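Trainee: Each position in the sequence shown, counted from 1, maps to that position plus 9 in my numbering. Note that the Cβ used here is the ideal one computed from N, Cα and C, for glycine as well. Keep in mind that this is a model prediction, so the values were computed, not measured. I'd like to ask some things about the structure below.
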Amino acid sequence: MPRLCKPAVQAPEYVITMEETLQFAEGVHAGKPQLPLALRLIRNTGVKKRHIVQPIEKTLQHPGLTERNRIYEVESKKRTPAVIEEALKNADLAARDIDGIIYVSCTGFLMPSLTAWLINKLGFRSDTCQIPIAQLGCAAGGAAINRAQDFCLAHPGSNVLIVSCELCSLCYQPDMDDVGSLLSDGLFGDAVAAAVVRGIGGVGIDLERNASYLIPNTEDWISYAVRDTGFHFQLDRRVPGTMEPLAPVLREFAKDHSWDAGKLDFYIVHAGGPRILDDLAKFLEVDRQVFRHSWATLSEYGNIASAVVLEAARRLFEEDTPAPDATGLIAGFGPGITAEMALGRWCADESPVVRKAA
């Protein structure tokens with residue numbers, strides 16, 4: 010059964026605190042009528058600090074899309090190798106043991122995908138399958154886990170490397186002063202993450218079932234406007250309320266596996282913002298503390314897009330080891346509005362495990 014091993018996560022060295030964010034927003038957008046509301050929303054995010062690839066003063070200069078994409082390429086090639094090496098070590102594998110690489114990012118564009126550079130530079134085999142995912146935004150972390158499971162089931166014994174590189178600060182638009190833009194400027198952070206899904210063996214979460222769901226007619230609720238100045242993040246005010254229609258989907262998904270979504274042992278959920286987590290706790294009828302790994306990620310890193318679920322999963326691995334066969338949910342949410350969901354069971358036995366389907 011495909012098994013998600015311990016992820017590796019690294020954040021850039023430049024840090025911006027909540028207080029600094031508010032100060033910069035007040036300075037850059039002084040006098041704008043939307044500013045008081047935006048400042049209040051930023052304060053309510055629960056984000057204490059974020060990490061970014063450049064000092065905030067340099068980010069505020071905004072040199073244009075060409076230069077920002079060049080920075081994305083340089084920084085992604087600089088920062089991914091160490092994270093990948095750690096993830097491979099966590100899975101007790103070498104680069105040549107990997108059969109597929111899923112690369113997820115929505116904050117820069119490269120063609121060929123960074124997967125080609127990784128294969129050429131880091132010792133992966135030339136026949137390694139490349140699976141770049143660019144347009145699922147924050148949901149892509151969950152999608153990557155699900156596609157890795159699918160790959161391992163289709164190719165028994167295979168191993169898949171997931172790499173997430175989200176440099177959200179390169180999408181900051183200092184000239185935009187709508188509430189959605191101002192809120193995103195105080196919410197999103199940068200991080201690089203990687204994890205291996207092993208087809209056989211390892212220690213981690215056995216992936217038993219996955220599913221995708223799209224809330225009908227919500228494709229314009231989270232989107233990018235691509236302009237000369239780059240990617241402009243657009244957020245509809247209805248997005249925070251999406252857990253009300255999605256919670257029943259999660260319940261039904263778990264029920265189809267003979268599990269109760271409100272009575273699982275662990276939850277790895279995308280931390281899109283505080284209301285997302287609070288509403289999901291409400292509608293699943295669970296204590297908000299079950300999302301402690303997601304809350305901690307939000308507080309210490311902000312919303313790091315597709316890397317959130319990998320960072321939250323890393324925290325689960327570093328907590329007291331879950332009991333054998335502990336059951337859990339992994340869920341990522343993003344543009345569409347899309348939900349990528351998985352159900353898994355903790356396994357510390359490095360030998361292959363075979364179970365009957367639920």
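What are the start and end residues of each continuous beta strand (DSSP E) run of 3 or more residues lying completely inside the stretch 37-104, in chain order?
Mentor: With a minimum length of 3 residues, the continuous beta strand (DSSP E) runs that stay inside the stretch 37-104 are 58-61.
Trainee: What distance in whole Å lies between the Cβ atoms of residue 147 and residue 281, which are believed to be in contact at a cut-off of 8 Å?
Mentor: By 1-based counting over the sequence shown, the position of residue 281 is 272. By 1-based counting over the sequence shown, the position of residue 147 is 138. Right, the Cβ-Cβ distance comes to about 6 Å (below 8 Å), so this counts as a contact.
Trainee: Residue 234 bridges to which residues according to DSSP?
Mentor: Locating residue 234 in the sequence shown gives position 225, counting from the first residue. Paired residue(s): 241.
Trainee: From this set, 315, 61, 255 and 324, which residue's C-alpha is nearest residue 2's C-alpha?
Mentor: The chain is shown only over 10 to 367; residue 2 falls outside these bounds and no answer can be derived.
Trainee: Please report how far the alpha carbon of residue 298 lies from the alpha carbon of residue 237, in whole angstroms.
Mentor: Here the question's residue 298 lines up with position 289 in the sequence shown. Here the question's residue 237 lines up with position 228 in the sequence shown. Going by the C-alpha atoms only, they are around 43 Å apart.
Trainee: Take residue 316 as the anchor and find which of 91, 200, 15 and 234 has the nearest alpha-carbon.
Mentor: To locate residue 316, count along the sequence shown from 1; it is residue 307. Checking every option, the nearest Cα to that of residue 316 belongs to 200.
Trainee: Helix, strand or coil: how does DSSP classify residue 139 here?
Mentor: To locate residue 139, count along the sequence shown from 1; it is residue 130. If DSSP states are grouped into helix, strand and coil, residue 139 belongs with the strands.
Trainee: Assign residue 16 to buried or exposed, taking buried as 16 or more other Cβ atoms, counted over all protein chains shown, within 10 Å of its Cβ.
Mentor: As a first step, residue 16 is located in the sequence shown; it is residue number 7 there, counting from the start. By the 10 Å Cβ count, residue 16 comes out buried.
Trainee: Residue 130 to residue 239, Cα distance in whole Å?
Mentor: Mapped onto the sequence shown, residue 130 falls at position 121. Mapped onto the sequence shown, residue 239 falls at position 230. Roughly 29 Å between the two C-alpha positions.
Trainee: Alpha helix (DSSP H) containing residue 198: first to last residue?
Mentor: Counting from 1 along the sequence shown, the entry for residue 198 is found at position 189. Segment: none, residue 198 is in no alpha helix (DSSP H) and carries neither H nor E.
Trainee: Consult DSSP for residue 34 and reduce its assignment to one of helix, strand or coil.
Mentor: On the sequence shown, position 25 is the one that residue 34 refers to. In this structure, residue 34 counts as helix in the three-state DSSP scheme.
Trainee: Between which residues of its own chain and residue 101 is the CB-CB distance below 6 Å, once the five residues before and five after are set aside?
Mentor: Here residue 101 refers to the residue found at position 92 when the sequence shown is read from its first residue. Answer for residue 101: no residue qualifies.
Trainee: Mind checking who residue 347 pairs with in its DSSP beta bridge?
Mentor: Here the question's residue 347 lines up with position 338 in the sequence shown. Note: residue 347 sits in a beta bridge opposite 223 and 343.
Trainee: Measure the alpha-carbon distance for residue 354 versus residue 217 and round it to whole angstroms.
Mentor: Taking the sequence shown and counting its residues from 1, the one referred to as residue 354 is at position 345. Taking the sequence shown and counting its residues from 1, the one referred to as residue 217 is at position 208. So the two alpha carbons sit approximately 7 Å from each other.
Trainee: Thinking residue 56 and residue 308 are a contact (beta carbons under 8 Å), I'd like their distance in whole angstroms, please.
Mentor: To locate residue 56, count along the sequence shown from 1; it is residue 47. To locate residue 308, count along the sequence shown from 1; it is residue 299. That belief holds up - the Cβ atoms of residue 56 and residue 308 are roughly 6 Å apart, short of 8 Å.
Trainee: Suppose you measure from the CA of residue 157 to the CA of residue 264; what does that come to, to the nearest Å?
Mentor: Counted from its first residue, the sequence shown places residue 157 at position 148. Counted from its first residue, the sequence shown places residue 264 at position 255. Their Cα atoms are separated by approximately 23 Å.
Trainee: Output the distance between the C-alpha atoms of residue 22 and residue 88, rounded to the nearest integer angstrom.
Mentor: Start at 1 with the first residue of the sequence shown, and residue 22 comes out as number 13. Start at 1 with the first residue of the sequence shown, and residue 88 comes out as number 79. C-alpha separation (whole angstroms): 11 Å.
Trainee: Tell me the residue span of the beta strand (DSSP E) that contains residue 278.
Mentor: Position 269 of the sequence shown, counted from the first residue, corresponds to residue 278. Its beta strand (DSSP E) spans residues 275-278.
Trainee: Roughly how many angstroms separate the alpha carbons of residue 260 and residue 71, rounded to a whole number?
Mentor: Locating residue 260 in the sequence shown gives position 251, counting from the first residue. Locating residue 71 in the sequence shown gives position 62, counting from the first residue. Going from the Cα of residue 260 to the Cα of residue 71 covers about 44 Å.
Trainee: CB-CB under 6 Å to residue 224, same chain, minus the five flanking residues each way: which ones, in chain order?
Mentor: As a working note, residue 224 is residue 215 in the sequence shown. So the qualifying residues of the chain are 254 and 346.
Trainee: Cutting at 6 Å between CB atoms, please list the residues of its own chain near residue 262, excluding the five before and the five after it.
Mentor: As a position in the sequence shown, residue 262 is number 253, starting the count at 1. Cβ neighbours of residue 262 beyond the five flanking positions: 220 and 350.
Trainee: Have a look at 30, 40 and 36 and flag the residue whose alpha-carbon is nearest the alpha-carbon of residue 52.
Mentor: Within the sequence shown, the letter at position 43 stands for residue 52. Selected option, being the one with the closest Cα: 30.
Trainee: Leaving out five residues on either side along the sequence, give the residues of the same chain with a beta carbon under 6 Å from the beta carbon of residue 50.
Mentor: Against the sequence shown, residue 50 aligns to sequence position 41. Within the same chain, residue 50 has close Cβ partners 192.
Trainee: Whether or not the stretch 72-87 and the stretch 131-143 are in contact is what I'm after, with contact meaning three or more pairs of Cβ atoms, one per stretch, closer than 8 Å; do they touch?
Mentor: Short answer: they don't touch.
Trainee: Spell out whether any CB of chain D is found under 8 Å from the CB atom of residue 208.
Mentor: Note that chain D does not occur in the displayed structure, where there is just one protein chain.
Trainee: Excluding five sequence neighbours on each side, which residues of the same chain lie with their C-beta closer than 7 Å to the C-beta of residue 269?
Mentor: Within the sequence shown, numbered from 1, the residue matching residue 269 stands at position 260. Result list for residue 269: 263, in chain order.
Trainee: With a threshold of 8 Å, are at least 3 pairs of Cβ atoms found where one atom belongs to the stretch 181-196 and the other to the stretch 115-134?
Mentor: No, because fewer than three Cβ pairs between the stretch 181-196 and the stretch 115-134 fall closer than 8 Å, the two stretches do not touch.
Trainee: What span of residues does the beta strand (DSSP E) with residue 306 cover, start to end?
Mentor: For the purposes of this step, residue 306 is taken as the residue at position 297 of the sequence shown. Segment 301-310 is the alpha helix (DSSP H) holding residue 306; no beta strand (DSSP E) there.
Trainee: If you follow the alpha helix (DSSP H) that residue 153 is in, where does it begin and where does it stop?
Mentor: Position 144 of the sequence shown, counted from the start, is the residue given in the question as residue 153. 149-163 is the extent of the alpha helix (DSSP H) around residue 153.
Trainee: Nearest-angstrom Cα distance between residue 213 and residue 357?
Mentor: Position 204 of the sequence shown, counted from the first residue, corresponds to residue 213. Position 348 of the sequence shown, counted from the first residue, corresponds to residue 357. Approximately 6 Å between the Cα atoms of the pair.
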